[in-house]
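Worksheet for the structure shown next.
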Amino acid sequence: MRIAQPLSFAAIILAHLLLAWCYPRFPLGPLVFVVPCLAFWATASLSPARAFRYHFFGGVVFNGVMFWWLYNVMKVGPAAIIFIGLIALVLFLSLFNAVMGWLFRHSLDWRAGLAVYPFAWAGLEVLRGYGQMSFPWSHIGYTLGEYAPLIQAAHGVGVFGLSVAIIGANILFFQSLRAKGNSRLRLALVGLSIPLLLWGYGAWRLSGENPLAESIDIALVQPSIAQVKKWDENYFQEVMEKTWKTMDAADLQGTELIVLPETAVPDFLRLRPEVLGELRRRSARMGVPILFGSLDLLRNDREIRPHFFYNSAFLLSPDSAETPLQYSKIRLVPFSERVPFEEIFPLVNYVNLGDGGFSPGVDYALWGETTRFSPSICYELIYPDFVRGARHRGAELLVNITNDSWFGISNAAYMHANIARFRTVETGAPMARVANSGVSVFYDYKGRNLGETRLFEKTVLRRKLPVHSERTFYLTTGGRQEGFYAVVFLGILVLTVVKGRRQKRLLRNQSGNKPARTAAQ
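All the letters of the sequence shown, read from the start, carry residue numbers 6 to 526 under the numbering used here.
Written out as structure tokens, the structure is:
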């Protein structure tokens, strides 16, 4: 059924808006199994070029809702540059929405196009996570994170496999709208079976007896330092005093690990020996190792950049007076922590874009004696392959430190924590995650929430976290699965472009072979 183009445009915009409201903690999560169907229905009567444009504008709406919270960064950075960067980010990410709308329209012209389309969708999500400008925040599978049974299949197929299931259900519902007679009902029932099967499998998996496992007593210190004060030297002592008071107000005796957030010491640790000394005294007095975030710098002989700067995590042992163990963040946030392609275009090193200029760390860290855990910092957990790498190196427990006060009072902190939850299900490892202003949370190896803090709450969250871990199917095959999705997307993209050029060439030849109309005619 053909529909008017203004109605198509309105439907596509509405579908993208509703899709944004499916992500935590917006309330529409399960509706993701039908929301894209609205956009598919509206796209079917469009030309591929118009589908690209309409989905681009839909993407602007979607990404505007998903990333509006970035305006909070303007309060602590160069406002004009950050505002321009926010607009550029929304426009850049909207191109992915446009490509998938364009590809869907072309898929209607292929015999098996709609059957392959869900895998192509996942392939674009995979590719969106590669490169120095990657920002893989909004995979459609993340919409299910608040519903533990629906995400259990991620231990086999990861978040990308859930994306395939979601888009597959929407394709079936779309096909049911175009079908006639009994076929309409059959297609709708098959589409409905996908979320029901996910829920049933997840409920069965969660109902199983948990294996007996050792536990580790961990305290997460959430001091809730305001971002506008965190990096102001005039407030440094106040910031540290608030951290000490937060720790002193809690019962930390008997804990086995105390974790402070990313940049809990908001300066270069080498320049603050008095703070390192205080942390040593506290660790020795309680007999507990302390993991905390701070910055580090090393001299560099290059003229362009005289120092290397690192965003790091440090581990102090109570019986050690030596230099603390150090892990430096490997995956850096583009433009915020590092200017993309600086090694290719070294002149960008002379441009001051605010808080950038960090160097990536070299390798993972694996700490702990009885329980081997791997630290990560902030944004790194949004990369499935990064967490798989930590597990392959022997990590039984994932410990993440972050500073989400950049997000202000918004759903972004919950979205960030939700992404972290998927890594536990995918890799079969529990996680302790501490955030400066929340959400600090414990997840077991099935992604179950064992306790979390409120936003901007000054508190210490303590739990005995079971350290049972399992080698999931996705842990061992995730790279191959993602490679398959990427190949499918690239293959369909190339075939579509080649077919389009061939059709244009054929039309040109046909128009060139037509006889000229005579005056008499």
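Heads up, the beta-carbon is just placed ideally off N, CA and C, and yes, glycines get one too.
Owing to the predicted nature of the structure, the values given are computational and were not obtained by experimental measurement.
In the structure shown, Met252 falls within a helical segment according to DSSP collapsed to helix, strand and coil. The secondary-structure analysis by DSSP pairs Ala437 across a beta bridge with Val404, Phe447.
Closest by C-alpha distance to Leu149, out of Gly136, Gly90, Val37, Asn77, is Val37. Under the DSSP assignment, Asp272 falls outside any alpha helix (DSSP H), being part of the beta strand (DSSP E) whose first and last residues are 270 to 273. Secondary-structure assignment with DSSP links Gly298 through a beta bridge to Ala318. Under the 8 Å Cβ criterion, the region 88 to 106 counts as touching the region 56 to 64, having at least three qualifying pairs. For Ser288, the three-state secondary structure derived from DSSP is helix. Following the DSSP letters along the chain, one finds Arg398 in no beta strand (DSSP E), marked with neither H nor E.
Between Ile414 and the set Val65, Trp73, Ala84, the nearest pair of CA atoms involves Trp73. For Arg191 and Gly173, the gap between their C-alpha atoms comes out near 15 Å. When DSSP assignments are scanned along the region 34 to 88, the uninterrupted stretches of alpha helix (DSSP H) that are 4 or more residues long and fall wholly within it turn out to be 40 to 48, 53 to 72.
Taking 8 Å as the cut-off, the beta carbon of Phe297 is found no closer than this to the beta carbon of Arg336.
Out of Pro123, Ala400, Arg377, Glu342, the CA that lies nearest to the CA of Cys383 is found in Glu342. In this structure, Arg393 keeps its C-beta atom at 8 Å or more from the C-beta atom of Gly452. Judged by beta-carbon spacing, Ala440 lies within the 8 Å limit of Ala418, meaning their Cβ atoms are closer than that value. One thing to note: Ser299 has its Cβ within 8 Å of the Cβ of Ser317. For Tyr332, the enclosing beta strand (DSSP E) starts and ends at 330 to 333. For the pair Leu276 and Thr248, the CB atoms are not nearer than the 8 Å cut-off. Per DSSP, reduced to three states, the secondary structure at Val503 is helical. Closest by C-alpha distance to Leu320, out of Ala491, Ile406, Asp272, is Ile406. In the same chain as Ser322, and ignoring 5 residues on each side of it, the C-beta atoms closer than 6 Å to its own belong to Pro294, in chain order. Distance from Ile17 to Thr48 at the Cβ level is roughly 7 Å; contact confirmed, criterion being Cβ atoms closer than 8 Å.
A distance below 8 Å separates the beta carbons of Val472 and Glu401. Beyond the five residues adjoining it in sequence on each side, Leu182 comes within less than 7 Å, by CB distance, of Trp46 in the same chain, given in chain order. By the neighbour-count criterion, in which a residue is buried when 16 or more other Cβ atoms sit within 10 angstroms of its Cβ, Glu243 is exposed.
Under the three-state reduction of DSSP, Arg467 is assigned to strand. At the C-beta level, Val164 and Gln486 stay beyond 8 Å of one another. The straight-line gap separating the alpha-carbon atoms of Ile92 and Leu302 is approximately 32 Å. Straight-line spacing of the CA atoms in Lys80 and Val233 works out to 7 Å. In this structure, the alpha-carbon of Gly146 lies about 15 Å from that of Gly207. Residue environment for Glu130: buried (at least 16 other C-beta atoms within 10 angstroms of its C-beta). At the C-beta level, Gly128 and Ser99 stay beyond 8 Å of one another. Boundaries for Gln258: no beta strand (DSSP E) harbours it, and the DSSP string shows neither H nor E there.
The Cβ neighbour count for Leu217, taken over all protein chains shown within 10 Å, is under 16; the residue is labelled exposed.
In the same chain as Val338, and ignoring 5 residues on each side of it, the C-beta atoms closer than 6 Å to its own belong to Tyr384, in chain order. Under the DSSP definition of a beta bridge, Ser220 partners with Pro471.
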